[in-house]
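Only one structure is covered here, and it is reproduced in the block below.
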Amino acid sequence: MTDNIIKLEPVNLSKIEMESKIMVALYNEAKVMVINTQAEYDDAARFLKVVKSKFNSIEEQRKLITKPLDEAKRATMELVKQPKKYCEDAEELLKAAMLGYIDKKERERRAIAEKLEREAEAERIKIQKRADAAREKGQDLKAEQLEVKAEMVTAPVVTAQIEQAEGVSVRTVWYAEIRDINAVPREWMVVDLAGLNKVAQTLKERASVPGVVFRSKKVMASR
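Put into structure tokens, the structure is as follows:
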């Protein structure tokens, strides 16, 4: 990239298309190859070199195509990295402030609701006392009417007065937090297979972990 301009040249795909057709033929030949003798093993080794050579050739062609693309992408990513970071940070700051306001209004709502519930409870107790006094006087009908009245006393429902702005929505998300790893049920544990493989590669036949079997397999490399 020069002078803030990213340039990409046209790409000729004919060579890689030719290599692809050749590899289809080589693949089909590899599928039916059977090795029963040393001579056939040696032939397979020579064939493997041809395949590897074609792979390297195709990889070189890929790099010719992708290198300018990768460089253009890298330049682009670097160009937008800091502006994107400012956007992300600004978004987080605004969301934090907005959620803080919502939490504040919710606390105010709960405080008002609790106050109204206390007042309602005090009114229920007051009416119940009148009902008890009426029952002591033998005024059972009046007592029953007062008890019903007491049961009907409820605090009004209080809602937070927040009108969501256009394009903004808020939802409650639940998440897990580990407090005691030893108390977590076994089925929620994840085995570190990558770590176990590193142990196997380091200690080989000396590797030993309870409940784990370490095995080996042959892997062939070619140039």
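All letters in the sequence shown, in the order written, are residues 759 to 981 by the working numbering.
The C-beta atom is built at its ideal place from N, Cα and C for all residues, glycine as well.
- In the DSSP assignment, Arg964 falls outside any alpha helix (DSSP H) and carries neither an H nor an E.
- With respect to Val916, Ala878 sits apart: the two C-beta atoms are not nearer than 8 Å.
- At a Cβ-Cβ threshold of 8 Å, Ala889 and Leu899 do not count as neighbours.
- Judged by DSSP in its simplified three-state form, Ile763 adopts strand.
- By a beta-carbon distance limit of 8 Å, Gln922 contacts Val928. Their separation comes to about 7 Å.
- Its chain contains no residue whose beta carbon lies nearer than 6 Å to that of Val808 once the 5 sequence neighbours on both sides are disregarded.
- Sequence-distant Cβ neighbours of Leu954 in its own chain, meaning closer than 7 Å and more than five residues away, are Val967, Val970.
- Contact annotation: Ile885 and Val911 have beta-carbon atoms nearer than 8 Å.
- Where Gln886 is concerned, the enclosing alpha helix (DSSP H) starts and stops at 796-894.
- Residue environment: Gln819 is assigned as buried (16 or more neighbouring CB atoms within 10 Å of its CB, all protein chains considered).
- Listed in chain order, the non-local C-beta contacts of Val949 below 8 Å within the same chain number zero, local neighbours out to five positions each way being set aside.
- Counting along the chain, Ile774 sits inside the alpha helix (DSSP H) bounded by residues 772-789.
- DSSP places Gly953 in the helix class (H, G or I) of the three-state scheme.
- Taking C-beta atoms as the reference points, Glu866 and Ala913 fail to come closer than 8 Å.
- Counting the other Cβ atoms within 10 Å of the Cβ of Ala901 gives 16 or more, which makes it buried.
- In the DSSP assignment, Val906 falls within the alpha helix (DSSP H) that extends over 898-909.
- Relative to the Cα of Val769, the nearest Cα in the group Leu822, Asn794, Ser815 belongs to Leu822.
- When the beta-carbon positions are compared, Pro826 and Glu767 come within less than 8 Å of each other.
- As the crow flies, the alpha-carbon of Glu777 is around 22 Å from that of Asp801.
- A straight-line Cα-Cα distance of about 11 Å links Leu806 and Met978.
- Its Cα nearest to that of Val926, the residue Leu857 stands out among Leu961, Phe972, Leu857.
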